[in-house]
Each structure stands twice: as structure tokens, then as C-alpha cells.
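Shown next, in C-alpha cells, is the structure this report addresses.
Residue numbers (my numbering): 3 to 247.
Here is the structure:
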């Protein structure tokens, strides 16, 4: 086994399960309405906040260019209304759209859990850090900076968020509960939810389904998404989970 930055062991692909990836994520449990309340930044940043913003920007500028390309691809997906900004409302809209295309439904409890978890992630990565210039919405550059700092500064927490959201979305997409995703259903969801062409959706499917061309396990999905968010190997299949960059 390898270890997380904090010393926690990481399971090999054969050992990864939905329950195992949730170990140590007590701080990420679904909250009530108060969990979705965003912090409001002061109109004018203090000198300390300005210095923090500069540091965060330097971290983003120094990151691997492949990560930046993937972050901008994720921004395209999350900008649901196409206004050039990503907001908390965009993330909730995307979650509801995904849920509406599964048996869980847009108003079901699983959709509520997914939205609450995404809200908590927004609070942690966007609303609370004082260096984020505008915690109500993110331009492409600010989105890149948020993601770059999440990966570089708090990688253990980032891995936990990936695990929680992957667990919820997999459970919703796996309608029959057999522990695998089917090719056609996953391609359909990719096209409908992530604004992908069929070619892009099939490219994404091939990136995560490495053992069986028609079925993908939870472990494969988790590893592909983790690689998309954190990986810098240009040859990795995980780079293509949202289609070609």
C-alpha cells in the first residue's frame, strides 16, 4: 500500500470499495441547511488577504500545465448556464440534472445528499478561504487557482472529497445495485449531464473502463476521477474522463 500525505494508507485498485474510501471522512458528513451558507468576503481585502491571494496565484501558475487543462475542461462542465462563471447554483443545477436522469430522481434523498456534499466542498474550497477574491462565483482563472491550491495545499482533504462525491454518484448511477456501471447508461449520462458529444462520452468511458469494455467498477471510477483531478502523467487514461482535452 502507498500512503496519503498524512500517513493514511491508500488501497490498491483491488482493495478500493465505496465503504473503504469513506474511512476518515467524518468531517464531510451531510449537513443541514446551515452547511450551505457561504461566508461573505469583505469588500476590500486586507493586506494579509492580498498577500494570501498572491501566494495562491503563484501556486496555480507553478502547477503542471496538464492539470490546468483538465481544470479548464472541468470548468466548462460546471458552467451550466454558459455565462463564463461557476457558481454554487451551477453546481447544484448540475447535481439535480444528474439525479433527474437516474432512478433516484431530482427530488430524492440521494440528490439531497449529493447537493449537500457539494455545498460543503464549496464552503471549504471557495467560501471560507480568505484568499478567494469572490466567493460567490468563480471566473476560469479563479477556478483554476482554487483547484490548484486544493491539490497542492490540502491533497488529503481533496482525496476525501473525491471519495465522497464518487461514492454518491456511483450509487445513483448503479441503478440495479450490482456494483458495476454499464457502458450505454454511462455514455448516455455523459452526453446528457456533461454536455459531451457521443465521441467524448465514449472516450470518457474508455478512460475508466480498463478491464471490461462494457462494465466499470467503483474502483475504476474512483481511480480515474482521482487521476483526472490530481494526476500529471500525460499518458494516463484518467486524463480523458471528460473527453479529449
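All C-beta atoms in this analysis are idealised placements derived from N, C-alpha and C, irrespective of residue type, glycine included.
Note that the structure is a prediction, hence the values are computed from the model and not measured.
Going straight from the alpha carbon of residue 243 to that of residue 140, what length do you get? Rounded to whole angstroms, the separation of the alpha carbons of residue 140 and residue 243 is 22 Å.
Quiz item: Residues in its own chain within less than 7 Å of residue 102 by CB, not counting five upstream and five downstream?
Solution: 108.
Going by other Cβ atoms of all chains shown within 10 Å of its Cβ, with 16 needed for buried, is residue 216 buried or exposed? Burial call: exposed.
* Secondary structure of residue 122, DSSP reduced to three states -> Note: residue 122 maps to helix in three-state DSSP.
- Buried versus exposed call for residue 224 [16 or more other C-beta atoms within 10 Å across all chains shown]: In the assembly as shown, residue 224 is a buried residue. Its beta-carbon has 16 or more other beta-carbons within 10 Å.
Please report how far the alpha carbon of residue 57 lies from the alpha carbon of residue 128, in whole angstroms.
-> Answer to the nearest angstrom: the Cα atoms are 16 Å apart.
Residues of its chain near residue 164, where Cβ-Cβ distance is below 7 Å and the 5 sequence neighbours each way are ignored: Spatial neighbours of residue 164 in its own chain (CB-CB distance under 7 Å, excluding positions within 5 residues in sequence) are listed in chain order as 227, 228, 231.
(Q) Along the chain, where does the beta strand (DSSP E) containing residue 182 start, and where does it finish? (A) Taken as a continuous stretch (DSSP letters only), the beta strand (DSSP E) holding residue 182 covers 182-184.
Check the C-beta distance from residue 210 over to residue 71 and give it rounded, since I have them as a contact under 8 Å. The C-beta distance from residue 210 to residue 71 rounds to 18 Å, too long to fall under 8 Å, and the pair is not in contact.
Fully enclosed by the stretch 54-81, which alpha helix (DSSP H) runs are 4 residues long or longer?
Listed in chain order, the complete alpha helix (DSSP H) runs (minimum 4 residues) inside the stretch 54-81 are 67-80.
Apply the 10 Å Cβ neighbour rule to residue 155 and answer buried if 16 or more other Cβ atoms are within range, or exposed otherwise.
Around the beta carbon of residue 155, a 10 Å sphere encloses fewer than 16 other beta carbons of the protein chains shown; the residue is thus reported as exposed.
Review point. What residues match up with residue 214 in a beta bridge as DSSP calls it?
Key: Residue 214 pairs with 217.
Going by beta-carbon coordinates alone, are residue 181 and residue 212 separated by less than 8 Å? No.
- Hey, quick one: how far does the alpha helix (DSSP H) through residue 145 stretch, first residue to last? Boundaries of the alpha helix (DSSP H) around residue 145: 142-155.
TODO: Pull up the CB-CB distance for residue 248 and residue 150, whole angstroms please, since I reckon it's below 8 Å.
DONE: The requested residue 248 is not part of the displayed model; the chain covers only 3 to 247.
Task: When 100, 236, 152, 76 are compared against residue 189, the one with the closest alpha-carbon - done: Of the candidates 100, 236, 152, 76, the residue whose Cα lies closest to the Cα of residue 189 is 100.
- Task: Leaving aside the five residues before and after residue 289 along the sequence, list all residues of the same chain whose C-beta is less than 6 Å from its C-beta, in chain order.
- Result: Nothing can be reported for residue 289: it is not among the residues displayed for the chain, which extend from 3 to 247.
Let me make sure I understand the geometry here. Which of 120, 65, 160 has the alpha-carbon closest to that of residue 251? Nothing about residue 251 can be reported from this structure: the residues present for the chain run from 3 to 247 only.
Flag this pair as yes or no: are the beta carbons of residue 54 and residue 133 separated by less than 8 Å? Taking 8 Å as the Cβ cut-off, residue 54 and residue 133 qualify as a contacting pair.
task = For residue 52, count neighbouring Cβ atoms within 10 angstroms of its own Cβ and tell me buried if that reaches 16, exposed if not.
result = Burial call: exposed.
Original post:
Where does residue 195 sit, in a helix, a strand or coil, going by DSSP?
Top reply: It is helical.
Sort 145, 49, 60 by Cα distance to residue 88 and report the nearest one. With distances taken between Cα atoms, residue 88 lies closest to 145.
* To do: Please state whether DSSP places residue 37 in a helix, a strand or coil.
  => Below a pLDDT of 50, predicted positions are generally treated as unreliable, and residue 37, at 40, falls in that range; the measurement from the model is reported next regardless. Helix at residue 37.
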